[in-house]
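Residue numbers (the working numbering), protein chains in the order written: chain A, 153 to 484; chain B, 44 to 355. Here the structure comes first, spelled out in structure tokens, and everything after it is commentary.
Set out below in structure tokens:
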């Protein structure tokens, strides 16, 4: 390279450097409230408005934290907790019921800074499983605690336990009855993709985080655990690449290690976030017969939300002014 | 080219581990070492015999792991490490590299051979992972043998738990934190499989699940790429998505299997603070066994005539 050109490049680098530093770093959050759960034909305007309101509340709760300089970890925790408390979504209160008529809840959280992670599976009395997952990450040397052992830890940590009735809503009881009737009639019916809630975020410090929480599948076998609490499958975050939360047929997400694979494609194959998400959702997952979607954010604040199911309840907001809530393919 | 490979018998291979850990060499008695070696040989040869007569990689890893589960020397099945409550809580996973099918169980207390149950989950249920009493309910539905929890608790493990709880140095048993058993294999049809089974950490909190039953962390297999089984401090292997990372490094970055395993054990895991070991077999039958601890109980055998058992 000739000397003048090198000099010119150096000047350019110096000129860009301070300009970048003075620009505020991007903030971004994306959330999902499940993929493929509602047939558009059955979605009344009242239902749609109610879902939109629930998604907006979670999205804005998370974004408000980012905006006042809070961590991505706090933002995803708040967004997911909001949806856990909203009975419309399949997580926390209003979670779908297992074959025995109980809610059995799974959740995971991952901090891309570290990275470190916490997860719980098969809990039946923890009001906000995402809170417990976070305690596992922050207050225990472990990553995954399951069933009664996880609830023992919840008691030690002073996390709120509630009776099982708390989770059971009339709508979910009806769904279970319907599922049981169909199972009786049609033994081989494959389970449809289930709702699940999740959030991914990038904060001002450049840290990424992901969180996912779910009640799993309606009429599931007791003890069945899907991808949500599996680090790498339904939840993953790494400051060097991206943060991902998945929703859909969990078994397929586990086998494909979907969340981690998206980050590996970004990090090692240098795919853009959107390309990596497309590869997993429309190629690998679809080829294996799996249905669902993911939300993802990379370290530059790019957001990707994609699915191969009928729809995915989702929302995105960033510091460039984007704020949208959508359910179906046409961004409606 | 094609006709040549059709005439040549396909290569097949199996590798096993019985845990990575730091029993200082001087502390391991001759008698104990002989018992470990005999146990590893039985598992290795059992799995290899299946491959030799045309059996599948899936059957070979199931067979090898079942032998290690039944051997009280190893931290899986009978002789598993005990929780702080003095009970055995077992985890296992199996993966078929052909169609990326997988099955796993965690925190079961009455299933004699957890690897058998993991395989049933893969083959007879629509799920991948079942935990706790729900997994045992499924075991009953599948007519698997359930045993009282006492079956798993050996006097040695109870002693080990006692000394760990008193804060004393542990005996020359497979070290408390890191025992686990596993197997990886390539069969004559080119199919890869991986299986892992464990009692987890001695004195662990009930409900704690490590990397063994987590697909992508302690167990992974993908045809044409590799099959991996891990042993070590599970929490770190989960965060690093260790087993899948090794396969991704081979597939996406064209690293050799050896380089990929080395990067995980001597680069990524130490940076997080974790140690342990990995066994892996590639789609070409190449076996890699590496560890960052003082030793790893391991064995390898292939159709090219290699057969070895090693500890350090």
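C-beta: ideal position from N, C-alpha, C; glycine also.
Measuring only the C-alpha atoms, how far is residue 448 of chain A from residue 225 of chain A? Against the first chain, residue 448 of chain A aligns to sequence position 296. Against the first chain, residue 225 of chain A aligns to sequence position 73. The C-alpha of residue 448 of chain A lies about 15 Å from the C-alpha of residue 225 of chain A.
Requested in this report: Report the three-state DSSP secondary structure of residue 184 of chain A (helix, strand or coil).
Outcome: Stepping through the first chain from its first residue, residue 184 of chain A is reached at position 32. Strand.
Would you mind sorting residue 55 of chain B into buried or exposed? The rule is 16 or more other CB atoms within 10 Å of its CB. Taking the first residue of the second chain as 1, we reach residue 55 of chain B at position 12. Label assigned to residue 55 of chain B: buried.
Review point. Taking all protein chains shown into account, do 16 or more other C-beta atoms lie within 10 angstroms of the C-beta of residue 412 of chain A, making it buried, or fewer, making it exposed?
Key: Position 260 of the first chain, counted from the start, is the residue given in the question as residue 412 of chain A. Result: buried.
Counting only Cβ pairs nearer than 7 Å, list the residues of chain B close to residue 309 of chain A. For the purposes of this step, residue 309 of chain A is taken as the residue at position 157 of the first chain. Neighbours of residue 309 of chain A on chain B: none; closest Cβ ~12 Å, over 7 Å.
Point to revise | Residue-level contact to chain A via CB, residue 153 of chain B, 8 Å cutoff | key: In the second chain, residue 153 of chain B corresponds to position 110, counting from 1. Not closer than 8 Å to any Cβ of chain A, the Cβ of residue 153 of chain B fails to qualify, so no.
Is it the case that the region 79-95 of chain B contacts the region 310-323 of chain B, given that we only count it when at least three CB pairs across the two stretches are under 8 Å? no
Distance between residue 417 of chain A and residue 430 of chain A (C-alpha atoms, nearest Å):
The residue labelled residue 430 of chain A in the question sits at position 278 within the first chain. The residue labelled residue 417 of chain A in the question sits at position 265 within the first chain. Cα-Cα distance, rounded: 11 Å.
Proximity to residue 329 of chain A [Cα-Cα], best of A/252, A/419, A/446 | Along the first chain, read from residue 1 onward, the residue named residue 329 of chain A stands at position 177. In this structure, A/252 is the residue among A/252, A/419, A/446 with its C-alpha nearest to the C-alpha of residue 329 of chain A.
Have a look at the DSSP bridge pairing and note the partners of residue 433 of chain A.
The sequence position of residue 433 of chain A within the first chain is 281, counting from 1. None, per the DSSP bridge assignment.
Cutoff 7 Å; reference residue 243 of chain B; Cβ partners in own chain excluding five residues on either side = Position 200 of the second chain, counted from the first residue, corresponds to residue 243 of chain B. Taken in chain order, the residues that qualify are 124, 132, 134, 251, 253.
- Query: Where does residue 181 of chain B fall in DSSP's three states?
  - Reply: As a first step, residue 181 of chain B is located in the second chain; it is residue number 138 there, counting from the start. If DSSP states are grouped into helix, strand and coil, residue 181 of chain B belongs with the helices.
Checklist entry - Mapping DSSP to helix, strand and coil, what is residue 116 of chain B? => result Here residue 116 of chain B is taken as the residue at index 73 of the second chain, counted from 1. DSSP, read as helix, strand or coil, puts residue 116 of chain B in coil.
| query | Just the Cα atoms here: how many angstroms apart are residue 209 of chain B and residue 128 of chain B? | reply | Position 166 of the second chain, counted from the first residue, corresponds to residue 209 of chain B. Position 85 of the second chain, counted from the first residue, corresponds to residue 128 of chain B. A direct Cα-Cα distance of roughly 14 Å separates residue 209 of chain B from residue 128 of chain B.
Which same chain residues end up closer than 7 Å to residue 433 of chain A when comparing Cβ atoms and leaving out the 5 residues on each side of it in sequence?
Start at 1 with the first residue of the first chain, and residue 433 of chain A comes out as number 281. Same-chain partners within the cutoff: 445, 446, 458, 459, 460.
Quiz item: What are the start and end residues of the beta strand (DSSP E) that includes residue 448 of chain A?
Solution: Translated into positions along the first chain, residue 448 of chain A becomes position 296. Where residue 448 of chain A is concerned, the enclosing beta strand (DSSP E) stretches over 444-450.
*Take residue 264 of chain A and list the residues in its own chain whose beta-carbon comes closer than 7 Å to its own, dropping the five residues that flank it on each side.*
Translated into positions along the first chain, residue 264 of chain A becomes position 112. Once the five neighbours on either side are set aside, the close Cβ partners of residue 264 of chain A are 359, 360, 361, 389, 390, 391, 395.
key: Contacting residues, own chain, Cβ-Cβ under 6 Å from residue 343 of chain A (five flanking each side not counted)   = Within the first chain, the letter at position 191 stands for residue 343 of chain A. With a pLDDT of 44 at residue 343 of chain A, under the threshold of 50, the predicted position of this residue should be treated as unreliable, though the coordinate-derived value follows. Excluding residues within five positions, the ones whose Cβ falls inside 6 Å are 369.
Task: The alpha helix (DSSP H) enclosing residue 392 of chain A, as first and last residue numbers - done: Here residue 392 of chain A refers to the residue found at position 240 when the first chain is read from its first residue. DSSP places residue 392 of chain A in no alpha helix (DSSP H); its state is neither H nor E.
Since residue 305 of chain A is in the alpha helix (DSSP H), which residue starts that stretch and which ends it? Counting from one through the first chain, the residue named residue 305 of chain A turns up at place 153. Per DSSP, residue 305 of chain A belongs to the alpha helix (DSSP H) from 299-308.
Alpha-carbon spacing of residue 20 of chain B relative to residue 320 of chain B, whole angstroms | Only positions 44 to 355 of chain B appear in this structure, which leaves residue 20 of chain B out of reach.
Practice item. Quick one: grab the DSSP three-state call for residue 195 of chain A. Key: As a working note, residue 195 of chain A is residue 43 in the first chain. Reduced to three states, the DSSP call for residue 195 of chain A is coil.
Problem set entry | Short CB-CB distance (under 8 Å) between residue 345 of chain A and chain B | Taking the first chain and counting its residues from 1, the one referred to as residue 345 of chain A is at position 193. Low per-residue confidence applies at residue 345 of chain A: pLDDT is 47, beneath 50, and the placement is therefore not dependable, though the value from the model is reported in the following sentence. Cβ-Cβ to chain B under 8 Å: no for residue 345 of chain A.
**Study point:** Cβ-based burial, residue 262 of chain B [other Cβ within 10 Å; buried from 16]
**Key:** Within the second chain, residue 262 of chain B is the residue found at index 219, counting from 1. Under this definition residue 262 of chain B is a buried residue.
| query | Would DSSP call residue 281 of chain B helix, strand or coil? | reply | Taking the second chain and counting its residues from 1, one reaches residue 281 of chain B at position 238. Looking at residue 281 of chain B - three-state DSSP - the assignment turns out to be helix.
Note to self: Counting only beta-carbon separations shorter than 8 Å, does residue 55 of chain B have a partner in chain A?
What the structure shows: Translated into the one-based positions of the second chain, residue 55 of chain B becomes position 12. Chain A contact via Cβ: absent.
*Segments of 4+ residues assigned as alpha helix (DSSP H) that fall wholly inside the region 59-136 of chain B*: Segments of the alpha helix (DSSP H) lying fully in the region 59-136 of chain B: 73-95, 100-113.
If you count every other CB in all the chains shown that lies within 10 Å of the CB of residue 297 of chain B, and 16 or more means buried, which is it?
-> For the purposes of this step, residue 297 of chain B is taken as residue 254 along the second chain, with counting starting at 1. By the 10 Å Cβ count, residue 297 of chain B comes out exposed.
For residue 350 of chain B, count the other beta carbons within 10 Å of its own beta carbon; 16 or more makes it buried, fewer makes it exposed. Which is it? What you label residue 350 of chain B is simply residue 307 of the second chain in a count that begins at 1. Burial call: exposed.
- Message: Buried or exposed, going by whether 16 or more other CB atoms sit within 10 Å of the CB of residue 170 of chain A?
- Response: Residue mapping note: residue 170 of chain A aligns to position 18 of the first chain, counting from 1. Residue confidence is low: residue 170 of chain A scores 44 on pLDDT, short of 50, so the model does not pin down where it sits. Its coordinate-derived value is still stated next. Exposed: under 16 other Cβ atoms inside 10 Å.
For residue 455 of chain A and residue 180 of chain A, believed in contact at Cβ under 8 Å, the rounded distance:
Within the first chain, the letter at position 28 stands for residue 180 of chain A. Within the first chain, the letter at position 303 stands for residue 455 of chain A. Indeed they touch by this definition, with Cβ atoms about 6 Å apart.
With distances taken Cα to Cα, identify the nearest neighbour of residue 84 of chain B among B/144, B/345, B/246, B/341.
Position 41 of the second chain, counted from the first residue, corresponds to residue 84 of chain B. Nearest of B/144, B/345, B/246, B/341 to residue 84 of chain B, Cα basis: B/341.
Discussion item. What would DSSP say about residue 340 of chain B, mapped onto helix, strand or coil?
Written reply: Taking the first residue of the second chain as position 1, residue 340 of chain B is located at position 297. Residue 340 of chain B falls in the strand class under three-state DSSP.
At 8 Å on the CB atoms, spell out the chain E contacts of residue 145 of chain B, in chain order. Considering every chain present, this structure includes no chain E. Its protein chains are A and B.
Grab the span of the beta strand (DSSP E) containing residue 239 of chain B for me, first residue to last. Indexing the second chain from 1 puts residue 239 of chain B at position 196. Counting along the chain, the beta strand (DSSP E) containing residue 239 of chain B begins and ends at 235-241.
- Message: I want to see whether chain A comes within less than 8 Å of residue 272 of chain B, judged by CB atoms only; does it?
- Response: Here residue 272 of chain B refers to the residue found at position 229 of the second chain. No, residue 272 of chain B does not count as interfacial toward chain A.
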